[in-house]
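These protein sequence lines map, in sequence, to chains A and B. Under the working numbering, the first sequence is numbered contiguously, ending at residue 127. Under the working numbering, the second sequence is numbered contiguously, ending at residue 254. What follows is one structure encoded as structure tokens, with my remarks underneath.
Number of protein chains: 2
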Amino acid sequence: MKDFNSKKYNGIHLIGDLFECGIDDFLVKKSGLTNLQKKIEKLIKVSGLEVLGSYFHFFSKNAITGVIALAESHVTFHTWPEQSYVSIDIFVCNYSRDNSTSAHELFNVLSKDIFKSKKIKKQLINR
Amino acid sequence: MKDFNSKKYNGIHLIGDLFECGIDDFLVKKSGLTNLQKKIEKLIKVSGLEVLGSYFHFFSKNAITGVIALAESHVTFHTWPEQSYVSIDIFVCNYSRDNSTSAHELFNVLSKDIFKSKKIKKQLINR
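Spelled out as structure tokens, the structure:
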């Protein structure tokens, strides 16, 4: 194993910086945290990826952080409601199959349907 | 909030692809998972960052995944022992103070002291 090009199971990492997000009530109230967690984990499963476990945290100022371990690697997000900004990361390896399509589909649904971003900066890193 | 340049609390995301890792016994036996978790969380604290919660998973074939939520954003890693490869991500926002030095110090200690990589590919993304 000398470098990326010779690595057997290359994956893709989607890095999203989501601006002008529509932060709904369920995102900014502590009581809605469990529902949000269930909703995001269901969307991950629907996209064809497998959730192993997760940790979600509610901050003061109504910000939320979520880290989700997948069989295929991970999903993370962090919200800054006061700036209408959310960061998301979706990293999937392609160990058992090519998960690239699942990753892109999940990126779209999280950025548009969950965080309702009007200005999406998306970067793709092969790793 | 129009774009990255006008975002108030810019952070840095360090992306590590670690090749030629020295995978010790404690990394590849299920019994060592709790110790590894404690060790990594202690190193995060020593670097000046705050652990909120985490989820670690042990796969068959002795691979490990860890996702750690920080007050400053997150740390994640995934090991592929059969390829002597480990991916790590350290994302810190600079909300309350500049955490860049902490992130770089943590990157060094994880890649060298924990995963014992001899070939480190490090990328920095401002976000």
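Here a beta-carbon is modelled for each residue, glycine too, at the ideal position from N, C-alpha and C.
For residue i, which residues from the same chain have a beta carbon less than 8 Å from its beta carbon, with the 5 sequence-adjacent residues on both sides left out?
{"i": "B/Leu197", "result": "Ile171, Leu176, Glu177, Val178, Leu179, Val219"}
{"i": "B/His216", "result": "Here residue 216 of chain B turns out to be Asp, not His, going by the sequence shown. Cβ within range, chain order: His140, Leu141, Ile142, Gly143, His201, Val202, Thr203, Phe204."}
{"i": "B/Arg254", "result": "Phe131, Asn137, Gly138, Ile139, His140, Phe218"}
Taking the alpha-carbon positions, what's the residue i to residue j distance?
{"i": "B/Phe234", "j": "B/Leu141", "result": "8 Å"}
{"i": "B/Gly159", "j": "B/Thr192", "result": "13 Å"}
{"i": "B/Gly143", "j": "A/Lys118", "result": "30 Å"}
{"i": "B/Glu168", "j": "A/Tyr55", "result": "15 Å"}
{"i": "A/Val109", "j": "B/Trp207", "result": "29 Å"}
{"i": "A/Lys38", "j": "A/Ile114", "result": "12 Å"}
{"i": "A/Arg97", "j": "A/Ser47", "result": "14 Å"}
{"i": "A/Leu36", "j": "B/Gln250", "result": "31 Å"}
{"i": "B/Ser187", "j": "A/Glu72", "result": "14 Å"}
{"i": "B/His232", "j": "A/Glu105", "result": "The question names His, but residue 232 of chain B in the sequence shown is Glu. In a straight line, the C-alpha of B/Glu232 is about 35 Å away from that of A/Glu105."}
Am I right that residue i and residue j are in contact with their C-beta atoms under 8 Å? What's the rounded C-beta distance?
{"i": "B/Ile247", "j": "B/Ser238", "result": "5 Å"}
{"i": "A/Thr76", "j": "B/Val194", "result": "7 Å"}
{"i": "B/Phe146", "j": "B/Ser211", "result": "7 Å"}
{"i": "A/Lys116", "j": "A/Gly11", "result": "With a Cβ gap of about 28 Å, A/Lys116 and A/Gly11 do not count as contacting."}
Counting only the same chain and skipping the five closest in sequence on each side, list residues whose C-beta sits under 6 Å from that of residue i.
{"i": "A/Glu82", "result": "none"}
{"i": "A/Leu30", "result": "Just to set this straight, residue 30 of chain A is Lys in the shown sequence, not Leu. Same-chain partners within the cutoff: Phe58."}
{"i": "A/Lys100", "result": "A small correction: the amino acid at residue 100 of chain A is Ser; Lys does not occupy that position in the sequence shown. Excluding sequence neighbours, A/Ser100 sits near Ile12."}
Short of 7 Å in beta carbon distance, which residues of its chain neighbour residue i, apart from the five on each side in sequence? Order them along the chain.
{"i": "B/Ala230", "result": "Ile139, Leu141, Ile217, Val219"}
{"i": "A/Ala175", "result": "Because chain A spans 1 through 127 in this model, residue 175 of chain A falls outside it and cannot be assessed."}
| Can you give, in chain order, each stretch of the alpha helix (DSSP H) that sits fully within the segment 172-243 of chain B and has at least 4 residues? | 227-235
| query | Listed in chain order, which residues of the segment 88-110 of chain A have Cβ atoms closer than 9 Å to some Cβ of chain B? | reply | Residues Asp89, Phe91, Cys93, Tyr95.
| said: Please identify, using Cβ separations under 9 Å, the residues of the segment 43-60 of chain A that lie next to chain B, in order along the chain. | reply: Leu52, Gly53, Ser54, Tyr55, Phe56, His57, Phe59
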